[in-house]
């Protein structure tokens, strides 16, 4: 009796959770592959090239070929490197790109963990991203890597502050820290309209958080020959890359939930509402991922002092100001939720 | 229940072990990383207690910001590890003896039962039941009403700390060329660009004033 | 949404006003730059004067605010007045020095304002957390002020030393507070008092846990008032910090910390008087002895003042050791007089310049009576007064605490106090001898500046003529002390 209880009470839920996790992680890995292919195609189109077109029809199997290549190559660990940390860094990076998805609601009930403080959880996860980079840079025992890591630490901490304030305004508007409730609060009006300035700040800060152009100074091929990744090869490098892409998709997903109404259709009218929420969510996320790609194909890299100036002297005061304005307006006009 | 107990002990053991490692590890960078581990497992303990807000804030503030700066500084410092170790062992006997005496005293006091006096089981701010009020709301409610004075005063303390950091370290260096974006934007192309129609084989002449 | 029970914001009006004023002045400073320092200094003094008036006009009866975190009574009114006088006078006194010595940065008056806010909060603290936050606000500002001349090695050293040791003492304080909270379940002073009283019946020794907490709190507060054996930072910090800052240290924070000590020991821990009395006795005797003996060998006048202040703290604690309203009245009178004397002494020290350079060796004072007789006379008055020679003010300060000690049956303490006074008189009078009977080395610069002259004259007159009209201070101190003994 006790034994059967044990199986029912502990092992079954455990297996279920593992199943859920796989159901989230596998599609994400797949979309990472697709996004990496799509990016190259989009950049190619922007630059009047063809992009990958050899492996498979339209080069569709290119990501698989790349994966196989990296998988078969040797992992090189520099002799002066701190072995444990050197190998730990990409793992941290990769897993952080995945664990954020635990609280993302793909649809009203399609969420692994519907926790009270979902948005704080996401913020915490994104604030940890810096560790992967800084540990990689330090453990590599290489000057380029270290410089890249230091830049990245300063950069990510700086932009996190404004992201924090952006989150605060969304919280004010939604009146909850639960992601599903935030989405529900946008039934009437998606937040990117009333909170337009914060949406812009969020998008730009998200670029800085993910070290994407125009804020890819930690990598900066032209000056740091790859920055913190310079000593990495084969699978360890792939983990970094996959983590980066998973992070981009994650931050796009967060933007969709916070500002673009998550799984809600654009208008609450019949043909649109019968489309499953997950379709809307994925559609919106894809648009934002495209935006990331578009930016990378368009803008040159920022100079470091300009980057810091933008973060501390423009975004921080602006977002702080907007928090005050939002809170004041909501209090004044009685728009406060609940 | 069993699982919660196991998880509690895992987190507790990891916290304590990481705390010990912070002190004894040879490399300061490792110390900071162990500190982060300790923060993490403390956050886990908070979650077990149902204080999810505190857990997240602990990670965001301490792991996401404070420890990054620690790591940042420690990595850039040139610390002579062997010298530090020498100091450690030099003071270990004295420090150890003092520590042991203090510990023994505390144990004696608390084990002798002298401290075992039943006091009114009051707490300054009783926790509301978790199923009625989420703990984010409960914290906000008490922080911005009952402890508003302390909240504001803590803000003043932070302001002073900020002023202090600026007063003691900020130097306006002379001879640094600064970017003035307003000037750059205000510049009119007409004043600074001159279009020359250059005939082939003649070259451009440039009049300097 | 719960509403705050009994916010009573009006009770904290002076604090709120000062904090707001500091923030406004900070903004002015940021936008105008360092050339606004003089204006900001005067405005800060003005703000303190305004706060002084707010403190005075507030109703005298005991009132709590912010749900019991904050308390105002006659005691807090008296102490706040003292602190505000001390802070604003040192601010004005330091004006010339700040301008001359390249310290004219707008943050200076702003930090002093914030420190004053912290001190007012300490004096009005009615809760362990409020106590801690007020103390931190004050200490943090003081650490920065001590290191304010960041290019001078000694100033940076003073700031760092003060910071490290101060942080340690804050740690002790927090540890003690957590013990007390753990064993009483309260941070509010009245609630702690109630818990201590009910726990005290169980055994004569009282709950040991609370006692351990009390000892840690006592250690931290003893550090803040620089009482032996937690005085080590004082001479270095006094010597290293810029002189106006040292004057400020001597005048204001000491009074605030002492007020806090009185409030904590006589409020929540009144029932444990037999326990903490031993600590205070020891600390008091040790401070008096060390202040008297260690000062003898000093050659630097600021170091000497540091040891002198350690000694004075010892004398003030004699009154607390008595644990009676008379004793507390003695402490309050002593602090008042001490503040006046040290303001005067420091205005003399701030005037010690030779050929435009600040000097701080005691030997530089040689023959001052011939080069600047007025200053020599007033300095002599302060030295005699600090030594406790009648009929100067310092004598009365000591008289009241010793009388209280004798009333409480602490004959030994009173005798030690008188003996150390005699020893201490030696080095005070040595300075007088130096000024009047030695040949001048190099004359000090004249004139010393209007603000210093005014302070010197004012404090000198108070010190000399205190015996003629002591009534206001006595009555005020009486009422203030009575309000601590409900």
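Residue numbers (my numbering), protein chains in the order written: chain F, 16 to 353; chain P, 12 to 220; chain E, 525 to 1010. A virtual CB, placed ideally from N, CA and C, is assigned to each residue, including glycine.
- Cβ proximity to chain E below 7 Å picks out 161, 164, 165, 167, 168, 171, 172, 174, 175, 178 and 179 from the segment 161-184 of chain P.
- Within the segment 532-561 of chain E, the complete alpha helix (DSSP H) segments of 4 residues or longer fall at 537-556, listed in chain order.
- According to DSSP, residue 882 of chain E shares a beta bridge with E:877.
- Taking 8 Å as the cut-off, the beta carbon of residue 253 of chain F is found no closer than this to the beta carbon of residue 300 of chain F.
- At least one beta carbon of chain F lies nearer than 8 Å to the beta carbon of residue 71 of chain P.
- A buried status is given to residue 668 of chain E, since no fewer than 16 other beta-carbon atoms sit within 10 Å of its beta-carbon.
- A Cβ-Cβ contact shorter than 8 Å links residue 75 of chain P with residue 143 of chain F.
- The C-beta of residue 136 of chain F comes closer than 8 Å to at least one C-beta of chain P.
- Residue 612 of chain E places its beta carbon 8 Å or farther from that of residue 648 of chain E.
- Going by beta carbons, residue 921 of chain E and residue 911 of chain E fall outside the 8 Å limit.
- Going by beta carbons, residue 737 of chain E and residue 704 of chain E fall inside the 8 Å limit.
- The residues 138, in chain order, have a CB closer than 7 Å to that of residue 179 of chain F in the same chain once the five nearest residues on each side in sequence are set aside.
- If you ignore the 5 residues before and after residue 769 of chain E, its C-beta comes within less than 7 Å of the C-beta of 669, 670 and 672, all in its own chain and listed in chain order.
- Of all alpha-carbon atoms in E:544, E:873, E:690 and E:914, the one lying nearest the alpha-carbon of residue 614 of chain E is that of E:873.
- Residue 63 of chain F is outside the set of residues whose beta carbon lies under 8 Å from a beta carbon in chain P.
- Between residue 79 of chain P and chain F, the shortest Cβ-Cβ separation is below 8 Å.
- Taken through DSSP and simplified to helix, strand or coil, residue 934 of chain E comes out as coil.
- For residue 56 of chain P, the secondary structure class from DSSP, reduced to helix, strand or coil, is helix.
- According to the DSSP assignment, residue 22 of chain P belongs to the alpha helix (DSSP H) that extends over 13-35.
- Within the DSSP secondary-structure output, residue 806 of chain E pairs in no beta bridge.
- Membership of residue 708 of chain E in the alpha helix (DSSP H) is indicated by the continuous run 677-708.
- Excluding its 5 nearest sequence neighbours in each direction, residue 811 of chain E has C-beta neighbours in its own chain below 6 Å: 751, 752, 834, 837 and 838, listed in chain order.
- Residue 175 of chain F belongs to the set of residues whose beta carbon lies under 8 Å from a beta carbon in chain P.
- Flagged as an interface residue toward chain P: residue 653 of chain E, by a C-beta distance shorter than 8 Å.
- For residue 85 of chain F, there is no enclosing beta strand (DSSP E); the residue is found in the alpha helix (DSSP H) stretching over 77-87.
- Taking the C-beta atoms as reference points, residue 78 of chain P is found nearer than 8 Å to residue 46 of chain P.
- Listed in chain order, the positions of the segment 37-55 of chain P with a beta carbon within less than 7 Å of a beta carbon of chain F are 40.
- Close to chain P, meaning a Cβ-Cβ distance shorter than 8 Å, are the following residues of the segment 116-142 of chain F: 130, 131, 132, 135, 136, 138, 139 and 142.
- Collapsing the DSSP output to three states places residue 121 of chain F in coil.
- In terms of CA proximity to residue 81 of chain F, F:51 leads the group F:126, F:152, F:189 and F:51.
- For the pair residue 198 of chain F and residue 278 of chain F, the CB atoms are nearer than the 8 Å cut-off.
- Annotation for residue 966 of chain E: 878 place their beta carbon closer than 6 Å to its own, counting only its chain and skipping 5 residues before and after.
- Three or more beta-carbon pairs separated by less than 8 Å link the segment 901-911 of chain E to the segment 975-984 of chain E, which places the two stretches in contact.
- Residues of chain F with a Cβ closer than 9 Å to the Cβ of residue 22 of chain P do not exist, since the nearest Cβ in that chain sits about 16 Å away.
- Excluding its 5 nearest sequence neighbours in each direction, residue 740 of chain E has C-beta neighbours in its own chain below 6 Å: 696, 699 and 700, listed in chain order.
- Here the C-alpha atom of residue 646 of chain E lies approximately 15 Å from the C-alpha atom of residue 636 of chain E.
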